[in-house]
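Working notes for the structure below.
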Amino acid sequence: MLLLLLLLFKKILCHGPSTMVLFSPSFNLSQLSFLCLSAAQVLGPHHLAAEEPLSFRVLQTFSFANHSWAHTEVSGWLGELQTHRWDSVLGTIRFLWPWSEGSFSKEELKNLQYLLQLYFHSFPQQVQAFSSQFQFEYPFELQIAFGCRMHSGKASESFLNGAYQGSDFLSFQGNFWKPSPGAGSQAQKVCEVLNHYQVVKEIVQSLLVDTCPRYLAGLLEAGKSELERQVKPEVWVSKGSSPGPGRLLLVCHVSGFHPKPVWVMWMRGEKEQLGTQRSELLPNVDRTWYLRVTLNVAAGEAAGLTCRVKHSSLGGHDIIIHWDGYPILLICICLAVLVTLVILVLVDSWFKKQSSNQNICSPHIPNPAFPTEANIQEPRNSGSFLCLAQKSWIKNRFLKKSKISLNQP
Ligand SMILES: *[C@@H]1O[C@H](CO)[C@@H](O)[C@H](O)[C@H]1NC(C)=O
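See the structure below:
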């Protein structure tokens, strides 16, 4: 029986054409109990501008309510992007992206699916069967993460970790099951049992060192454009709920960016503000990210602070948003006043220039020798609004001059 099983999986895992997939429902599958196709963490630095490790994970959660009830949930992730889902009703792999199949052929994928069907069908059953021997107490949850990492697209590193009730329980190291530090005698016992199944260990090893890296290399290549998608962040600042009397919580919102790595800091000039606090990165529905970066400052010290954002999509041009601290209406009013003043000054200097060359309102310019109000009040018919404005300016100027000239004998 073991030999048959071994042949079956060797066949599947060595990705040869498997025209005869042999297994009978009467298999004793206990040796498969911990054959976990689960989470794969993969690095593809050559594919990313950013240095953040890109990971592929297939996460499994098995919930056991009682001796007869178990629930399985499985998902595959490439970095932060979900790529696969296990449909436990149909017993099929759901590919969430057109490129989620990676470089594997239909045949290989079908074989992998067979293996998973077998595993996801039998694993919960075997756990139920072994639960009292392993002292698992209902209700309980098992989680398994299986993966491999690729360094510079070449060397790969794999892992398989298992957790019981949310705590590290065991891992697969080299060619052995090892209890996690602190998992106690219970994990030790489980590993002792598991280590007797040489075939399972070989299959797990093959999945870890061969299947996983190959699959991930293909996935990274196929999903390249999605992984390298560059989307610029939008940045704005706001006031958070007051951290205390006389203090302000400055909030810098950075949203809609991709890929995930981002640098955000509250600054005063070129000086980073060490009190800057980052929130968790939250996903937006459009597969971009959101980050909140806060700074708790004394109210009087907020002016002059800026929120600075560096991201691969910005091509070295950091986004800098100033903390103004003034209500937006006040800023608008100030701006309006400023713009009006500038226009007035410009208009004024233009007329000055015009009148010094040739007076556009010229035929009505009074004779300086005989200044009268009537002369100066002139001429509604020919004068435009600007001319009238100019007139009053001339009037002021002229009257001053004429006062001087009148004082002179
Ligand atoms: C087992 O747990 C499930 C889910 O909580 C429940 O619906 C079912 O009645 C339980 N069965 C037994 C035999 O306790």
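The sequence shown: position 119 = 119 (the UniProt record's numbering), numbered continuously. Backbone N, C-alpha and C define an ideal beta-carbon position, used for all residues, glycine too. For clarity, every value in this text was computed on a predicted model and none was experimentally measured.
Beta-bridge partners of residue i, as assigned by DSSP
{"i": "Ser158", "result": "Cys148"}
{"i": "Tyr215", "result": "Tyr215 pairs with nothing; no bridge assigned."}
{"i": "His67", "result": "His67 pairs with nothing; no bridge assigned."}
{"i": "Phe95", "result": "His84"}
{"i": "His258", "result": "Val231"}
{"i": "Tyr290", "result": "Ser255 and Leu282"}
{"i": "Ala298", "result": "Arg247"}
{"i": "Lys271", "result": "Arg268"}
{"i": "Val58", "result": "Gly76 and Phe146"}
{"i": "Glu141", "result": "Ser63"}
{"i": "Phe134", "result": "Partner(s): none; Phe134 has no beta bridge."}
{"i": "Phe172", "result": "Trp177"}
{"i": "Gln354", "result": "DSSP output for Gln354 lists no bridge partner at all."}
Residue i versus residue j: straight-line alpha-carbon distance, rounded
{"i": "Gln125", "j": "Thr306", "result": "58 Å"}
{"i": "Gly166", "j": "Leu335", "result": "57 Å"}
{"i": "Gln273", "j": "Leu250", "result": "12 Å"}
{"i": "Trp69", "j": "Tyr138", "result": "10 Å"}
{"i": "Cys148", "j": "Asn175", "result": "15 Å"}
{"i": "Met267", "j": "Leu78", "result": "34 Å"}
{"i": "Leu112", "j": "Trp86", "result": "12 Å"}
{"i": "Ser131", "j": "Gln186", "result": "11 Å"}
{"i": "Trp323", "j": "His121", "result": "58 Å"}
{"i": "Pro179", "j": "Gly300", "result": "56 Å"}
{"i": "Val297", "j": "Val254", "result": "20 Å"}
{"i": "Tyr114", "j": "Lys201", "result": "19 Å"}
{"i": "Lys232", "j": "Glu226", "result": "15 Å"}
{"i": "Gly316", "j": "Gln173", "result": "42 Å"}
{"i": "Leu118", "j": "Gly91", "result": "9 Å"}
{"i": "Thr340", "j": "Ile319", "result": "30 Å"}
{"i": "Ile144", "j": "Tyr164", "result": "9 Å"}
{"i": "Val293", "j": "Gly275", "result": "10 Å"}
{"i": "Gln198", "j": "Phe123", "result": "17 Å"}
{"i": "Ser349", "j": "Val337", "result": "18 Å"}
{"i": "Phe64", "j": "Ala303", "result": "56 Å"}
{"i": "Lys271", "j": "Pro181", "result": "43 Å"}
{"i": "residue 411", "j": "Gln277", "result": "The question about residue 411 has no answer here: the residues shown for the chain are numbered 1 through 409."}
{"i": "Ala183", "j": "Glu228", "result": "40 Å"}
{"i": "Asp168", "j": "Gly162", "result": "6 Å"}
{"i": "Asn66", "j": "Gln60", "result": "19 Å"}
{"i": "residue 410", "j": "Phe146", "result": "Residue 410 lies beyond the stretch modelled for the chain, which goes from 1 to 409, so this question has no answer here."}
{"i": "Leu344", "j": "Pro243", "result": "45 Å"}
{"i": "Ser55", "j": "Glu73", "result": "19 Å"}
{"i": "Gln128", "j": "Ser241", "result": "50 Å"}
{"i": "Phe62", "j": "Lys224", "result": "32 Å"}
{"i": "Leu142", "j": "Asp286", "result": "31 Å"}
{"i": "Phe140", "j": "Leu194", "result": "20 Å"}
{"i": "Gln188", "j": "Phe136", "result": "13 Å"}
Residue i: first and last residue of the uninterrupted alpha helix (DSSP H) it sits in
{"i": "Pro124", "result": "Lys106 to Phe130"}
{"i": "Ser225", "result": "Lys224 to Leu227"}
{"i": "Ser185", "result": "Gly184 to Leu194"}
{"i": "Gln165", "result": "That residue, Gln165, is in no alpha helix (DSSP H); it is neither H nor E in DSSP."}
{"i": "Glu202", "result": "Gln198 to Ser206"}
Same chain, Cβ closer than 7 Å to residue i, five either side skipped, listed in chain order
{"i": "Ala50", "result": "Below a pLDDT of 50, predicted positions are generally treated as unreliable, and Ala50, at 42, falls in that range; the measurement from the model is reported next regardless. Once the five neighbours on either side are set aside, the close Cβ partners of Ala50 are Pro259, Pro261 and Ser312."}
{"i": "His84", "result": "Val58, Ser75, Gly76, Ile93, Arg94, Phe95, Leu96 and Ser100"}
{"i": "Ser156", "result": "Cys148, Arg149, Met150 and Pro213"}
{"i": "Val209", "result": "Ser158"}
{"i": "Tyr215", "result": "Gly102 and Phe104"}
{"i": "Leu314", "result": "Lys232"}
{"i": "Gly218", "result": "Gly102, Ser103 and Phe104"}
{"i": "Ser88", "result": "Thr72 and Phe120"}
{"i": "Ala369", "result": "Only weak support exists for where Ala369 lies, its pLDDT of 44 falling under 50; the value from the coordinates is given anyway. Cβ within range, chain order: n/a, list empty."}
{"i": "Val347", "result": "none"}
{"i": "Thr288", "result": "Val231, Gly256, Phe257 and His258"}
Cβ neighbours of residue i in the same chain (closer than 6 Å, five flanking residues each side left out)
{"i": "Phe134", "result": "Val190"}
{"i": "Ala222", "result": "Trp99 and Gly102"}
{"i": "Ile321", "result": "Val235, Val237 and Cys307"}
{"i": "Leu295", "result": "Leu250, Trp266, Gln273, Gly275 and Thr276"}
{"i": "Ser26", "result": "For Ser26, the pLDDT reaches just 33, beneath the cut-off of 50, and the residue's location in the model is therefore unreliable, leaving the point undetermined."}
{"i": "Leu248", "result": "Val297, Ala299 and Ala302"}
Limits of the beta strand (DSSP E) - the one that residue i falls within
{"i": "Glu234", "result": "Glu234 to Lys239"}
{"i": "Lys178", "result": "Phe176 to Pro179"}
{"i": "Val309", "result": "Leu305 to Lys310"}
{"i": "residue 426", "result": "No information on residue 426 is available, as it lies outside the stretch 1 to 409 that the chain covers here."}
{"i": "His322", "result": "Ile319 to His322"}
Spatial neighbours of residue i in its chain, beta-carbon cut-off 8 Å, leaving aside the 5 residues before and after
{"i": "Tyr290", "result": "His253, Val254, Ser255, Gly256, Leu281, Leu282, Pro283 and Asn284"}
{"i": "Ser279", "result": "Leu291, Arg292, Val293 and Thr294"}
{"i": "Leu160", "result": "Cys36, Ser38, Ile144, Ala145, Phe146, Gly147, Ser171, Phe172, Val204 and Leu208"}
Cβ of residue i within 7 Å of any chain B Cβ
{"i": "Phe104", "result": "The structure shown has no chain B; it contains just one protein chain."}
- request: May I have all residues whose beta carbon comes closer than 6 Å to any heavy atom of ligand 1, sorted in chain order?
  value: Ala65, Asn66, Ser68 and Trp69
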